[in-house]
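A.B. asks: Below: one structure in structure tokens.
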């Protein structure tokens with residue numbers, strides 16, 4: 001099994017930044033022979049391959065410390081155990097490494113994730129490694145209930161959106177040179193606030209009412225929709241209608257400087273804009289645009305009228321949950337490391353999900369107004385309204401969209417569901433997710449084809 005490793009490479013001018021949010025210092029040095037660069041590796045792994053445990057059960061974290069692939073004879077490793085990465089720690093101490101090995105044990109008496117962080121100081125630098133064990137994660141409960149008027153609020157917003165004509169515009173754009181047999185477009189449809197803008201692709205010559213539809217909802221940041229992805233996916237299986245949107249209703253296919261300027265200017269900190277009220281929060285407009293993109297797909301004459309799929313990761317995972325909850329014609333959802341979940345996790349002593357939106361005031365207390373507003377935008381609350389089949393994946397070492405938040409949303413799903421745990425990954429759970437997505441999507445389409 002692949003091991004999660006943070007390395008201190010004692011060679012010049014090398015710096016590693018891990019997607020899980022940690023980094024290591026790097027110092028130039030040589031081994032005792034003066035020639036071979038030394039490499040010191042610290043790893044921490046849970047003692048079970050699936051890293052799953054029950055409440056009150058002992059979790060053992062195994063430490064390995066090697067230099068040039070040889071066990072370190074003796075050394076001191078500082079360690080900290082936390083619930084979901086939240087301080088103060090549950091326990092901490094120093095483990096003595098003998099012949100390259102040591103172990104740490106801990107328990108948790110409630111559902112969540114037990115995090116172990118280990119640090120080793122050498123005269124050349126500091127190494128840090130982490131691991132985590134899931135403690136009955138399918139029993140994680142909400143920190144706050146769904147608001148009583150949650151459905152009424154969103155029904156009213158959907159009615160407001162329905163009153164806005166779509167005024168759809170399709171502009172042909174050439175597909176990438178390696179994507180034959182498809183035609184691609186930039187599409188735009190009016191919404192409340194900015195329009196939805198994205199790329200759309202379909203097989204050339206598609207017959208009316210013949211194809212399923214798929215929408216990719218975007219991850220965090222300011223960027224263009226993905227034309228190549230749209231063109232490639234449109235040819236999967238027997239063909240499909242595919243749309244990919246940007247979150248902000250901005251033009252696609254522009255130079256990087258265009259998006260960089262917006263990211264550092266007009267759209268800087270969009271994640272927290274308007275958070276004091278459920279009626280002004282920025283993601284209200286983002287959800288409108290997701291719904292409009294689905295409506296765009298459903299108005300295409302080639303749509304088969306029965307298969308509508310959502311795929312998203314991180315921010316897009318949260319958007320997929322919201323769109324699946326708000327559009328009853330969606331038939332399947334795939335969400336990777338979903339964000340926008342458990343905004344009020346701090347009330348249960350948990351780390352909140354991305355973007356950790358509720359601020360603390362001067363008194364050190366979390367803002368109650370923002371806490372209340374965010375209940376209407378919490379992925380875990382949208383999940384309670386989703387009855388379709390759903391596939392979710394989480395990274396146990398994710399500090400951006402923590403697995404606690406992903407599991408909470410998963411637990412609240414009301415339909416057929418499955419979850420995949422990436423025990424040794426952080427927020428980047430690997431490129432295999434796209435092959436997995438393709439297989440899952442085609443399997444759902446095949447299942448849908450069996451129904452009239």
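Numbering (this note's numbering), first residue to last: 1 to 452.
We treat Cβ as the ideally placed atom computed from N, Cα and C, and that holds for glycine.
Is there contact here, the segment 297-309 with the segment 210-228, by at least three beta-carbon pairs under 8 Å?
C.D. replies: Short answer: they touch.
A.B. asks: For residue 30, is the classification buried or exposed, using 16 other Cβ atoms within 10 angstroms of its Cβ as the cut-off for buried?
C.D. replies: Stepping through the chain shown from its first residue, residue 30 is reached at position 30. Legend: pLDDT at residue 30 = 34, less than 50; position of this residue unreliable, value from coordinates given subsequently. Exposed is the call here.
A.B. asks: Relative to the C-alpha of residue 315, which candidate in 323, 308 and 309 has its C-alpha closest?
C.D. replies: Position 315 of the chain shown, counted from the first residue, corresponds to residue 315. Residue 323 is the option with its Cα nearest to residue 315.
A.B. asks: Should the segment 66-85 be called in touch with the segment 110-122, which here means at least 3 C-beta pairs below 8 Å?
C.D. replies: They touch, by the three-pair rule.
A.B. asks: Are the C-beta atoms of residue 121 and some chain B residue less than 8 Å apart?
C.D. replies: Within the model displayed, chain B is absent; a lone protein chain is all it includes.
A.B. asks: Whole angstroms is fine: what's the gap from residue 373's alpha carbon to residue 202's?
C.D. replies: To locate residue 373, count along the chain shown from 1; it is residue 373. To locate residue 202, count along the chain shown from 1; it is residue 202. Each residue's alpha carbon lies about 39 Å from the other.
A.B. asks: Between the C-alpha atoms of residue 35 and residue 424, what's the straight-line distance to the nearest angstrom?
C.D. replies: In the chain shown, residue 35 corresponds to position 35, counting from 1. In the chain shown, residue 424 corresponds to position 424, counting from 1. Confidence at residue 35 is low in this model, with a pLDDT of 48, below 50, so its placement is unreliable and no value can be given for it.
A.B. asks: Please report the distance separating the alpha-carbon of residue 21 from that of residue 51.
C.D. replies: Translated into positions along the chain shown, residue 21 becomes position 21. Translated into positions along the chain shown, residue 51 becomes position 51. Note that residue 21 has pLDDT 30, beneath the 50 cutoff, so the model's placement of it is unreliable and the number below is only indicative. If you take the alpha carbons of residue 21 and residue 51, they lie about 21 Å apart.
A.B. asks: So does the segment 160-176 actually touch the segment 190-209, counting three or more Cβ pairs closer than 8 Å?
C.D. replies: Result yes; three or more Cβ-Cβ pairs closer than 8 Å.
A.B. asks: What is the residue span of the beta strand (DSSP E) that residue 185 lies within?
C.D. replies: On the chain shown, residue 185 is found 185 positions in, with the first residue counted as 1. Run containing residue 185: 182-189, per the beta strand (DSSP E) assignment.
A.B. asks: May I ask you to verify whether the segment 234-253 touches the segment 427-446, counting CB pairs closer than 8 Å and requiring at least 3?
C.D. replies: Short answer: they touch.
A.B. asks: Around the C-beta of residue 188, are 16 or more other C-beta atoms found within 10 angstroms, so that it is buried, or is it exposed?
C.D. replies: Residue 188 sits at position 188 when you count from the first residue of the chain shown. So residue 188 ends up on the buried side.
A.B. asks: In the DSSP output, what is residue 197 paired with across the bridge?
C.D. replies: One-based indexing of the chain shown puts residue 197 at position 197. Note: residue 197 sits in a beta bridge opposite 188.
A.B. asks: Taking the C-alpha atoms as reference points, what is the distance between residue 382 and residue 325?
C.D. replies: Numbered from 1 along the chain shown, position 382 holds the residue referred to as residue 382. Numbered from 1 along the chain shown, position 325 holds the residue referred to as residue 325. So the two alpha carbons sit approximately 6 Å from each other.
A.B. asks: Does DSSP put residue 127 in a helix, in a strand, or in coil?
C.D. replies: Counted from its first residue, the chain shown places residue 127 at position 127. Note: residue 127 maps to strand in three-state DSSP.
A.B. asks: May I ask whether a heavy atom of the ligand FMN can be found less than 7 Å away from the beta carbon of residue 168?
C.D. replies: Inclusion of the ligand FMN in the displayed structure is not the case, the ligand content being empty and no account of it being possible.
A.B. asks: What did DSSP end up calling residue 281 once you bin it into helix, strand or coil?
C.D. replies: Taking the chain shown and counting its residues from 1, the one referred to as residue 281 is at position 281. Of the three classes helix, strand and coil, the one that applies to residue 281 here is coil, per DSSP.
A.B. asks: Run the CB neighbour count on residue 391, radius 10 Å, all protein chains shown included, and call it buried at 16 or more, exposed below.
C.D. replies: Counting from 1 along the chain shown, the entry for residue 391 is found at position 391. The residue is buried, with at least 16 neighbouring Cβ atoms inside 10 Å.
A.B. asks: Which same chain residues, not among the five before or five after residue 350, have their C-beta less than 6 Å away from its C-beta?
C.D. replies: Here the question's residue 350 lines up with position 350 in the chain shown. Excluding sequence neighbours, residue 350 sits near 84 and 404.
A.B. asks: Check each candidate in 367, 133 and 277 and name the one with the smallest Cα separation from residue 422.
C.D. replies: As a first step, residue 422 must be located in the chain shown, where it is residue number 422. The candidate whose alpha carbon is nearest that of residue 422 is 133.
A.B. asks: Name the residue from 358, 43, 413 and 335 whose alpha carbon lies nearest to the alpha carbon of residue 65.
C.D. replies: Numbered from 1 along the chain shown, position 65 holds the residue referred to as residue 65. Residue 65 has its Cα closest to that of 43, out of 358, 43, 413 and 335.
A.B. asks: Closest to residue 368 by C-alpha separation, out of 355, 346 and 328, would be which residue?
C.D. replies: Position 368 of the chain shown, counted from the start, is the residue given in the question as residue 368. Cα-wise, what sits closest to residue 368 is 346.
A.B. asks: Applying the criterion that 16 or more other CB atoms from any shown protein chain within 10 Å of the CB defines a buried residue, is residue 139 buried or exposed?
C.D. replies: Numbered from 1 along the chain shown, position 139 holds the residue referred to as residue 139. Counting Cβ neighbours within 10 Å, residue 139 comes out exposed, since fewer than 16 surround it.
A.B. asks: Just list the residues that DSSP pairs residue 418 with in beta bridges.
C.D. replies: As a position in the chain shown, residue 418 is number 418, starting the count at 1. BP columns for residue 418 point to 391.
A.B. asks: Cutting at 7 Å between CB atoms, please list the residues of its own chain near residue 458, excluding the five before and the five after it.
C.D. replies: Any answer about residue 458 is impossible in this case: the structure gives the chain only from 1 up to 452.
A.B. asks: Grouping DSSP H, G and I as helix and E and B as strand, with all else coil, what is residue 25?
C.D. replies: Translated into the one-based positions of the chain shown, residue 25 becomes position 25. For residue 25, the predicted model reports a pLDDT of 25, less than 50, meaning its position is unreliable; a value from the coordinates is still stated below. Coil at residue 25, not helix or strand.
A.B. asks: According to DSSP, simplified to helix, strand and coil, what is residue 160?
C.D. replies: The count along the chain shown starts at 1 and reaches residue 160 at position 160. Helix, per DSSP.
A.B. asks: Check each candidate in 173, 181, 419 and 142 and name the one with the smallest Cα separation from residue 198.
C.D. replies: The residue labelled residue 198 in the question sits at position 198 within the chain shown. Checking every option, the nearest Cα to that of residue 198 belongs to 173.
A.B. asks: Mapping the DSSP letters down to three states, classify residue 429 as helix, strand or coil.
C.D. replies: Numbered from its first residue, the chain shown carries residue 429 at position 429. DSSP places residue 429 in coil when its eight states are reduced to three.
A.B. asks: Using the Cβ count rule (16 or more neighbours within 10 Å means buried), how would you classify residue 364?
C.D. replies: One-based indexing of the chain shown puts residue 364 at position 364. The residue in question, residue 364, is exposed, as its Cβ has fewer than 16 Cβ neighbours within 10 Å.
A.B. asks: Buried or exposed: where does residue 218 fall if 16 or more other Cβ atoms within 10 Å of its Cβ makes it buried?
C.D. replies: Taking the first residue of the chain shown as 1, we reach residue 218 at position 218. Classification for residue 218: buried.
A.B. asks: What alpha helix (DSSP H) runs, 4 residues minimum, are completely inside the segment 208-254?
C.D. replies: Entirely contained in the segment 208-254, the alpha helix (DSSP H) runs reaching 4 residues are, in chain order, 227-233.
A.B. asks: Between the Cα of residue 120 and the Cα atoms of 171, 74, 394 and 156, which residue gives the shortest distance?
C.D. replies: Position 120 of the chain shown, counting from 1, holds the residue named residue 120. Minimum Cα distance to residue 120 is reached at 74.
A.B. asks: Leaving out five residues on either side along the sequence, give the residues of the same chain with a beta carbon under 7 Å from the beta carbon of residue 150.
C.D. replies: As a position in the chain shown, residue 150 is number 150, starting the count at 1. Excluding residues within five positions, the ones whose Cβ falls inside 7 Å are 376 and 381.
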